[in-house]
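Worksheet: the structure to be examined is printed underneath.
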Amino acid sequence: MTRQRLDRESFVPMYYQLQQALIQDMDSGAHRAGDRLPSESELCDAYGVSRTVVRQALRELEISGRIVRRKGQGSFVAPPKTSERLVQTLTGLHEDVTSRGGTMRSDVRLLDRVPATPEVAAELSIAPGDPVIVLDRLRFVDEIPWVVVVTYLPYTMCPRLLEEDLTHQSLYALLEDTYGIEISWGRRRVEAVPAPAPVARALEIRRDSPILLLSSTSYAPDGRPVEYFVASHRGDLSRFEVRLERRKGAPRGPLLTVQSAGA
Numbered sequence: 700m701t702r703q704r705l706d707r708e709s710f711v712p713m714y715y716q717l718q719q720a721l722i723q724d725m726d727s728g729a730h731r732a733g734d735r736l737p738s739e740s741e742l743c744d745a746y747g748v749s750r751t752v753v754r755q756a757l758r759e760l761e762i763s764g765r766i767v768r769r770k771g772q773g774s775f776v777a778p779p780k781t782s783e784r785l786v787q788t789l790t791g792l793h794e795d796v797t798s799r800g801g802t803m804r805s806d807v808r809l810l811d812r813v814p815a816t817p818e819v820a821a822e823l824s825i826a827p828g829d830p831v832i833v834l835d836r837l838r839f840v841d842e843i844p845w846v847v848v849v850t851y852l853p854y855t856m857c858p859r860l861l862e863e864d865l866t867h868q869s870l871y872a873l874l875e876d877t878y879g880i881e882i883s884w885g886r887r888r889v890e891a892v893p894a895p896a897p898v899a900r901a902l903e904i905r906r907d908s909p910i911l912l913l914s915s916t917s918y919a920p921d922g923r924p925v926e927y928f929v930a931s932h933r934g935d936l937s938r939f940e941v942r943l944e945r946r947k948g949a950p951r952g953p954l955l956t957v958q959s960a961g962a
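Going by my numbering, the first residue of the sequence shown is number 700, and it counts up by one from there.
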């Protein structure tokens with residue numbers, strides 16, 4: 700940590716000066732992703748500011764996604780945000796994380812055979828009550844709880860999946876390499892919602908913190924639905940990319956339609 704006094708004569712607020720000083724330390728590599736920042740009292744001593752200034756600076760860094768604050772542990776430099784594409788290529792979080800050199804693991808909270816609810820049955824084009832495999836995972840990126848994913852698959856398609864260890868495996872790779880189930884395309888929907896209490900506890904965030912709720916149905920080349928999942932991503936650590944293309948000769952109209960949640 701660079702020890703420096705902030706400019707008390709400046710019109711720039713003290714908390715903002717401290718915030719920028721800490722960002723400079725992070726960008727220079729003095730504090731790397733996963734590193735624990737100095738405590739509030741240490742920052743007070745190092746920069747000659749009050750605890751109120753320190754807390755406001757840390758709060759702004761948390762809001763902007765530069766740090767992660769863990770109750771009883773302190774503040775840590777946040778890793779780069781994961782990025783999932785909604786259009787262009789169909790990839791999973793495991794592929795995205797490993798492609799950038801990160802580590803990925805899953806806490807499998809539930810793996811079982813259950814009857815399909817009407818909602819799940821509609822997404823998988825099966826009858827309500829038909830057997831499905833439900834896979835509930837809390838997924839960690841570089842040992843930080845990142846996303847809660849609940850996945851449903853038709854039981855008759857891959858019954859032996861119940862015997863698999865999915866702690867470190869990519870589900871997509873397993874389906875394709877072991878079971879010969881090719882995922883050709885998918886339909887994804889994303890919305891911002893407040894985190895319900897169970898999700899907030901799992902992700903170690905405050906209740907009602909913003910999360911990105913992603914629901915997705917994946918299809919085989921012949922159009923059969925093979926997977927439906929709902930994923931609750933931490934809003935401070937995730938983003939989604941959309942690729943839009945304008946094709947010559949296509950009917951004129953909006954490329955992207957946004958519909959309000961209440962519509």
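Beta carbons are placed, not taken as given, at the ideal position from N, Cα and C, and that holds for glycine. Keep in mind the model is a prediction, meaning the values are calculated, not measured.
Contacts around residue i, its chain only, beta-carbon distance under 7 Å, and the 5 residues preceding and following it disregarded
i, result
"Y878", "C857"
"I904", "A894, R933"
"A820", "A826, P827, D829"
"R731", "V776"
Endpoints, beta strand (DSSP E) assigned at residue i
i, result
"A891", "884-893"
"D806", "803-814"
"E863", "Where E863 is concerned, there is no enclosing beta strand (DSSP E), given that its DSSP letter is neither H nor E."
"I843", "843-853"
"R906", "Counting along the chain, R906 falls outside any beta strand (DSSP E), and DSSP gives it neither H nor E."
"R768", "766-769"
Simplified DSSP state of residue i, which is helix, strand or coil
i, result
"Y878", "coil"
"L873", "helix"
"S738", "coil"
"I825", "coil"
"A732", "coil"
"P817", "helix"
"V752", "helix"
Burial state of residue i, where buried means 16 or more other Cβ atoms lie within 10 Å
i, result
"V748", "buried"
"A896", "exposed"
"A777", "buried"
"A729", "exposed"
"A899", "buried"
Own chain, CB closer than 6 Å to residue i, minus 5 neighbours either side, in chain order
i, result
"G934", "P909, I910, L911"
"R836", "S805, V807, V848"
"L736", "S774"
Residue i beta carbon near the ligand COA (any heavy atom closer than 7 Å)
i, result
"R808", "Ligands are entirely absent from the displayed structure, and the ligand COA is therefore not among its contents."
Cutoff 8 Å; reference residue i; Cβ partners in own chain excluding five residues on either side
i, result
"D706", "Q716"
"R888", "L913, S914, S915"
"A815", "L823, I825, A826, P827, G828, D829, P830, V831, Y851"
"I882", "L789, Y871, L874, E875, S917, Y918, A919, V925, E926"
CB contact check: residue i to chain B, cutoff 8 Å
i, result
"Y746", "Chain labels in this structure do not include chain B; a single protein chain is all it has."
Run of the alpha helix (DSSP H) containing residue i, from where it starts to where it stops
i, result
"I722", "713-727"
"R933", "Run containing R933: none in the alpha helix (DSSP H); it sits in the beta strand (DSSP E), 924-933."
"V833", "Counting along the chain, V833 falls outside any alpha helix (DSSP H), though it belongs to the beta strand (DSSP E) covering 830-840."
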